[in-house]
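Undergrad: Just dropping this structure here.
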Amino acid sequence: MNLPPEMVARGSEEERLAAGLDPARLPRHVAVIMDGNGRWAKGRFLPRVAGHRAGVQSVRETIEGSARLGIEVLTLYAFSKENWKRPRAEVDTLMGLLREYLRRERQALRDNNIRLKVIGRLDDLPASVRAEVTEAVEYLSENDGMQLNIALSYGGRAELVDACRRMLAEGIDPASVDEDTVDRYLYTAGCPDPDLLIRTSGEMRISNFLLWQIAYSEIWITDTLWPDFKLRHLLEAITAYQGRERRFGGTSSSRSEQSAAAARG
Ligand code: FPP
252 MNLPPEMVAR GSEEERLAAG LDPARLPRHV AVIMDGNGRW AKGRFLPRVA GHRAGVQSVR
312 ETIEGSARLG IEVLTLYAFS KENWKRPRAE VDTLMGLLRE YLRRERQALR DNNIRLKVIG
372 RLDDLPASVR AEVTEAVEYL SENDGMQLNI ALSYGGRAEL VDACRRMLAE GIDPASVDED
432 TVDRYLYTAG CPDPDLLIRT SGEMRISNFL LWQIAYSEIW ITDTLWPDFK LRHLLEAITA
492 YQGRERRFGG TSSSRSEQSA AAARG
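In the working numbering, the protein residues as written are 252 to 516.
In structure tokens:
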């Protein structure tokens, strides 16, 4: 694949990695657990919030890179339900960064034809952040390119609880509930499941992220801390993804028989 010259320098590692990608086998949905901001700051004798600030540049680069590559959905885990337990000053800084990001970057998001959705318990957020989210979603609503999901006050278990509550409130017939029904009640309704889940900073955990949706996702973990995560790492993750064989619980031969049968009609 070729990426525009303003994104990848001639002869660079990024250019080499992009050229090796098969555009027909890109992940449709990439989900990212952005981790390691605190450690990045600690390693530089800086306060934790400096790591979050530096992480915004990685957010920018990952969003733009994914959109340019033609990824359909990118989901970023920006603030978990559990993150409210952090010191007040850190939570306030994160909320401030989100507000600032949504205000400052919406023009760039519009130029990149990106739609925005925020997933999670939005009622938990300060009114000023909610207002910024509503404005940004509205501002980008005419776009029809990549969907950016930002997970805020998000928890995978809470998402399932909310889905159950809504199903019960609507009086759905229990016998009619199947996996597609549950899908339709999740915050991510309408999105394909993540094909690729990336986690930075080397931790081998799911941390309550998209528990239902990642049933068959390929997981790629890098030791790189989130503020150091750049386009090159995204390209490395997708390269590794394209090198894997996805079997969805079958065997490689049963998958190729299924594809052959599908091709025969
Ligand atoms: C995890 O690092 C990171 C977060 C809890 C916040 C992620 C937020 C950003 C990158 C900035 C704002 C986001 C957007 C979408 C504009 P950590 O603090 O848990 O790191 P540690 O494990 O090293 O302590």
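Glycine included, C-beta positions come from ideal geometry on N, C-alpha and C. It should be emphasised that the depicted structure is a prediction, and the values quoted were computed from it without experimental measurement.
R450 to D424, Cα distance in whole Å?
TA: Straight-line Cα distance between these residues: approximately 38 Å.
Undergrad: Let me confirm a value: T432 is counted as buried when at least 16 other C-beta atoms fall within 10 Å, else exposed. Which label applies?
TA: Answer is exposed; the Cβ neighbour count stays below 16.
Undergrad: Does DSSP put T313 in a helix, in a strand, or in coil?
TA: Helix at T313.
Undergrad: Consult DSSP for A282 and reduce its assignment to one of helix, strand or coil.
TA: Residue state, collapsed to three classes: strand.
Undergrad: When the Cα atoms are used, what is the spatial distance from E421 to M397?
TA: So the alpha carbons of these two residues sit roughly 31 Å apart.
Undergrad: Which runs of the beta strand (DSSP E) spanning at least 3 residues fall entirely within the segment 462-489, listed in chain order?
TA: Complete beta strand (DSSP E) runs here, min 3: 469-472.
Undergrad: Assuming L486 and T313 are in contact, meaning their beta carbons sit under 8 Å apart, how far apart are those beta carbons, in whole angstroms?
TA: No, L486 and T313 are not in contact; Cβ-Cβ is about 11 Å, not under 8 Å.
Undergrad: Could you compute how far the alpha carbon of C442 sits from the alpha carbon of P256?
TA: Each residue's alpha carbon lies about 31 Å from the other.
Undergrad: Measure the CB-CB distance between P445 and T326 and report whether it falls below 8 Å.
TA: A contact, by the Cβ cut-off of 8 Å.
Undergrad: Among S504, S452, E469, which has the Cα closest to the Cα of A491?
TA: Measuring from the Cα of A491, the nearest candidate turns out to be E469.
Undergrad: A402 bridges to which residues according to DSSP?
TA: Y328, I370.
Undergrad: Which of the three DSSP states, helix, strand or coil, is assigned to L254?
TA: Correct three-state label for L254: coil.
Undergrad: Identify every residue that forms a DSSP beta bridge with G450.
TA: The sequence as given places Arg at residue 450; Gly does not occur at that position. DSSP, once it has assigned bridges, lists I284, I472 as partnering R450.
Undergrad: Return helix, strand or coil for P425, following the three-state DSSP convention.
TA: Reduced to three states, the DSSP call for P425 is helix.
Undergrad: Using a Cβ-Cβ distance cut-off of 8 Å, determine whether R355 contacts chain B.
TA: Here there is only one protein chain, and chain B is not present.
Undergrad: Which residues in the same chain as L297 place their Cβ atom closer than 6 Å to its Cβ, once the five residues preceding and following it in sequence are excluded?
TA: Taken in chain order, the list of residues that qualify is empty.
Undergrad: Cβ atoms of G453 and D429: under 8 Å apart, would you say?
TA: No, the Cβ-Cβ distance between D429 and G453 is not below 8 Å.
Undergrad: For ligand 1, is there any heavy atom lying closer than 7 Å to the beta carbon of I401?
TA: Checking every heavy atom of ligand 1 against the Cβ of I401, one is found closer than 7 Å.
Undergrad: Can you say whether S427 is buried or exposed, counting buried as having 16 or more other CB atoms within 10 angstroms of its CB?
TA: So S427 ends up on the exposed side.
Undergrad: On the three-state DSSP scale, how would you describe L391?
TA: Of the three classes helix, strand and coil, the one that applies to L391 here is coil, per DSSP.
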